[in-house]
Ligand code: NAD
């Protein structure tokens with residue numbers, strides 16, 4: 001069939017298998033072009049199908065020849081209906097990993113559940129024995145608690161007062177003022193329950209209790225800080241409360257891993273267009289200005305460049321880990337540079353519907369958004385008939 005993008009706000013209902021495969025190939029080629037990384041060899045990635053998790057899986061496999069198990073939650077294809085991008089990405093990843101002689105298996109299901117944790121642990125036990133790196137890269141709006149069955153929903157709200165600022169509809173380029181009401185009721189604990197550290201700790205506790213973590217194993221979860229401009233809705237908002245909790249959990253997990261010489265880290269990553277971030281108000285406007293400045297300075301990075309640098313210059317560079325005052329790895333260092341932030345803040349003041357395509361990188365944002373779903377990818381013939389039915393090799 002001919003597959004075209006069908007967008008609804010910040011989601012796209014269709015995905016293109018050839019475009020998704022090309023994205024994966026491009027990321028693989030990037031990692032290979034940067035040379036070998038002396039990293040972990042048996043890697044579990046939780047949230048492995050898109051964004052930073054996919055980039056982590058690719059960096060481990062093609063940078064360090066690692067065996068990888070990926071856990072993700074995506075829609076498979078069915079006749080006449082495309083799968084979700086993460087499904088096609090995973091199929092493409094496995095295809096190319098297997099072609100390169102690498103072990104790669106994937107589990108599609110709810111990572112928050114006991115059932116998927118059990119399935120993953122059985123796979124590790126049977127195939128790998130143990131893992132030496134666990135990447136935790138989930139981004140989800142909901143979580144059903146495995147012990148209580150309670151279904152928590154996360155919200156993106158400021159805390160303590162109404163937040164008003166500019167935002168952009170990246171499809172039309174319309175810059176408008178939005179006001180977001182503050183969190184109320186259980187909004188904060190609910191968001192912490194979904195995006196905080198409890199599930200990360202549950203994974204590590206479960207893996208450790210069954211001796212599935214090797215001596216000196218490392219686990220890394222991803223966080224975000226960002227600028228003053230987005231602080232009220234991000235870092236000091238409900239999602240920020242969840243990130244505070246995630247970051248605090250790293251210390252608890254590190255204590256738990258002392259007995260095996262292991263360590264838990266949080267890496268603070270750069271703002272990027274992913275399915276998760278396009279849902280957050282105000283962030284798309286910030287990103288389109290940020291992209292413009294960082295591209296002009298020659299320091300723009302996508303997920304794969306970020307994670308390749310995280311691996312080669314932080315996690316596996318053989319030196320003592322460079323951490324900030326709060327014990328976090330900072331791979332958002334270029335985004336947070338004073339000169340970058342000063343220029344973004346200046347552009348922000350004047351940003352309007354009339355000038356955004358000129359002063360910001362609206363096209364870059366929009367292209368990246370479509371790329372997430374395999375559209376507008378260079379080298380792909382979108383007029384060609386394509387088979388929407390794609391299989392993930394390890395699922396058969
Ligand atoms: P993403 O939406 O691209 O990826 C999320 C992944 O989680 C996907 O693989 C998805 O299948 C998986 N997933 C979601 N719910 C699941 C479930 N219940 N069970 C199993 N898998 C599930 O998101 P992303 O932007 O790459 O975010 C990953 C992490 O990086 C998040 O913690 C996010 O806060 C953080 N981060 C993102 C940015 C950014 O700008 N995008 C910046 C810094 C940090």
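In this note's numbering, the protein residues as written are 1 to 396.
Every residue, glycine too, gets a C-beta built ideally from N, C-alpha and C.
Can you give, in chain order, each stretch of the alpha helix (DSSP H) that sits fully within the segment 312–351 and has at least 4 residues? Annotation: the segment 312–351 contains the following complete segments of the alpha helix (DSSP H) (minimum length 4 residues), in chain order: 338–350.
Local Cβ density within 10 Å of residue 128, reported as buried at 16 or more and exposed below that: If you number the chain shown from 1, residue 128 lands on position 128. That one is buried.
Span of the beta strand (DSSP E), counted from its first residue to its last, around residue 181: As a position in the chain shown, residue 181 is number 181, starting the count at 1. First-last for residue 181: undefined, no H or E at that position.
Supposed contact pair residue 139 and residue 47 - C-beta distance, whole angstroms, cut 8 Å: Working through the chain shown from its first residue, we reach residue 47 at position 47. Working through the chain shown from its first residue, we reach residue 139 at position 139. The Cβ separation is near 7 Å, so the contact holds.
Give the secondary structure of residue 266 by DSSP, where H, G and I count as helix, E and B as strand, and everything else as coil. Here residue 266 refers to the residue found at position 266 when the chain shown is read from its first residue. Strand.
Quick check: the segment 381–392 against the segment 65–80, are there 3 or more CB pairs under 8 Å? A contact exists between the segment 381–392 and the segment 65–80.
Output the residue ranges of the beta strand (DSSP E) runs that lie fully inside the segment 208–270 and measure 3 residues or longer, sorted by chain position. Listed in chain order, they are 213–223 and 263–268.
Using a Cβ-Cβ cut-off of 6 Å (strictly less than) and excluding sequence neighbours within five positions of residue 243, which residues of its own chain qualify? Taking the chain shown and counting its residues from 1, one reaches residue 243 at position 243. These residues qualify, in order along the chain: 223.
Can you determine whether any heavy atom of the ligand NAD sits closer than 8 Å to the C-beta of residue 243, and answer yes or no? The count along the chain shown starts at 1 and reaches residue 243 at position 243. Relative to the ligand NAD, residue 243 has its C-beta within less than 8 Å of a heavy atom.
Comparing C-alpha positions only, which one of 193, 74, 287 and 40 sits nearest to residue 214? Taking the first residue of the chain shown as position 1, residue 214 is located at position 214. Per the Cα distances, 40.
Run of the alpha helix (DSSP H) containing residue 85, from where it starts to where it stops: For the purposes of this step, residue 85 is taken as residue 85 along the chain shown, with counting starting at 1. Start and end: 85–99.
8 Å CB neighbourhood of residue 202 in its chain, flanking five on each side removed: Within the chain shown, numbered from 1, the residue matching residue 202 stands at position 202. The beta carbon of residue 202 lies closer than 8 Å to those of 117 and 146 in the same chain, with the five residues before and after it left out.
Range of the contiguous alpha helix (DSSP H) that encloses residue 31: Here residue 31 refers to the residue found at position 31 of the chain shown. Counted as a single uninterrupted DSSP element, the alpha helix (DSSP H) harbouring residue 31 occupies residues 17–33.
Straight-line Cα distance separating residue 291 from residue 280: Translated into positions along the chain shown, residue 280 becomes position 280. Translated into positions along the chain shown, residue 291 becomes position 291. Spanning the two alpha carbons is a distance of roughly 17 Å.
Would you identify the three-state DSSP class for residue 157, choosing helix, strand or coil? For the purposes of this step, residue 157 is taken as residue 157 along the chain shown, with counting starting at 1. Coil.
Please indicate yes or no: does the CB of residue 257 lie closer than 8 Å to some heavy atom of the ligand NAD? Counting from one through the chain shown, the residue named residue 257 turns up at place 257. With a threshold of 8 Å, the Cβ atom of residue 257 does not count as near the ligand NAD, since no heavy atom of the ligand is closer than that.
Could you say which of 90, 61 and 265 lies nearest to residue 18 if we only look at CA atoms? Reading the chain shown from its first residue, position 18 is the one you call residue 18. Considering only alpha carbons, the answer is 90.
Figure out for me which residue from 206, 99 and 170 has the closest Cα to the Cα of residue 257. Counted from its first residue, the chain shown places residue 257 at position 257. Measuring from the Cα of residue 257, the nearest candidate turns out to be 206.
List the DSSP bridge partners of residue 71. Here residue 71 refers to the residue found at position 71 of the chain shown. For residue 71, which the question treats as bridged, DSSP gives the partners 46 and 107.
Report yes if the CB atom of residue 104 is closer than 9 Å to the CB atom of residue 67, and no otherwise. If you number the chain shown from 1, residue 104 lands on position 104. If you number the chain shown from 1, residue 67 lands on position 67. A contact, by the Cβ cut-off of 9 Å.
Residue 38 versus residue 315: straight-line alpha-carbon distance, rounded: Working through the chain shown from its first residue, we reach residue 38 at position 38. Working through the chain shown from its first residue, we reach residue 315 at position 315. Rounded to the nearest angstrom, the gap between the Cα atoms of residue 38 and residue 315 is 10 Å.
Alpha-carbon to alpha-carbon, residue 149 and residue 363: Sequence index remark: in the chain shown, residue 363 carries index 363 (1-based). Sequence index remark: in the chain shown, residue 149 carries index 149 (1-based). The straight-line gap separating the alpha-carbon atoms of residue 363 and residue 149 is approximately 43 Å.
Rounded to a whole number of angstroms, what is the C-alpha to C-alpha distance between residue 157 and residue 57? Here residue 157 refers to the residue found at position 157 when the chain shown is read from its first residue. Here residue 57 refers to the residue found at position 57 when the chain shown is read from its first residue. If you take the alpha carbons of residue 157 and residue 57, they lie about 31 Å apart.
Going by other Cβ atoms of all chains shown within 10 Å of its Cβ, with 16 needed for buried, is residue 305 buried or exposed? Here residue 305 corresponds to residue number 305 of the chain shown, with the count starting at 1. Around the Cβ of residue 305, a 10 Å sphere holds 16 or more other Cβ atoms; the residue is buried.
What is the rounded straight-line gap between the Cα of residue 96 and the Cα of residue 70? Start at 1 with the first residue of the chain shown, and residue 96 comes out as number 96. Start at 1 with the first residue of the chain shown, and residue 70 comes out as number 70. CA-to-CA, the gap between residue 96 and residue 70 works out to about 14 Å.
Give the DSSP-derived three-state secondary structure of residue 148 in the structure shown. Reading the chain shown from its first residue, position 148 is the one you call residue 148. Note: residue 148 maps to coil in three-state DSSP.
Give a yes or no on whether the C-beta atoms belonging to residue 409 and residue 340 are separated by under 9 Å. Residue 409 lies beyond the residue range present for the chain, which begins at 1 and ends at 396; the question has no answer from this structure.
Specify the secondary structure class of residue 285 as computed by DSSP and reduced to three states. Mapped onto the chain shown, residue 285 falls at position 285. Residue state, collapsed to three classes: helix.
To which residues of the same chain is residue 308 closer than 6 Å at the C-beta, ignoring the five residues directly before and after it? Sequence index remark: in the chain shown, residue 308 carries index 308 (1-based). For residue 308, where only same-chain residues beyond five positions count, the Cβ hits under 6 Å are 31, 34 and 59.
Starting from the N-terminal end, write out each residue whose C-beta falls within a distance shorter than 6 Å of any non-hydrogen atom of the ligand PLP. No copy of the ligand PLP occurs in the structure displayed; its ligands are the ligand NAD alone.
State the Cα-Cα distance for the pair residue 252 and residue 263, rounded to the nearest angstrom. Within the chain shown, numbered from 1, the residue matching residue 252 stands at position 252. Within the chain shown, numbered from 1, the residue matching residue 263 stands at position 263. Their Cα atoms are separated by approximately 10 Å.
Does the beta-carbon distance from residue 369 to residue 14 come in below 9 Å? On the chain shown, position 369 is the one that residue 369 refers to. On the chain shown, position 14 is the one that residue 14 refers to. By the CB criterion at 9 Å, residue 369 and residue 14 fall outside the cutoff.
With which residues is residue 127 paired in a DSSP beta bridge? In the chain shown, counting from the first residue as 1, residue 127 sits at position 127. None, per the DSSP bridge assignment.
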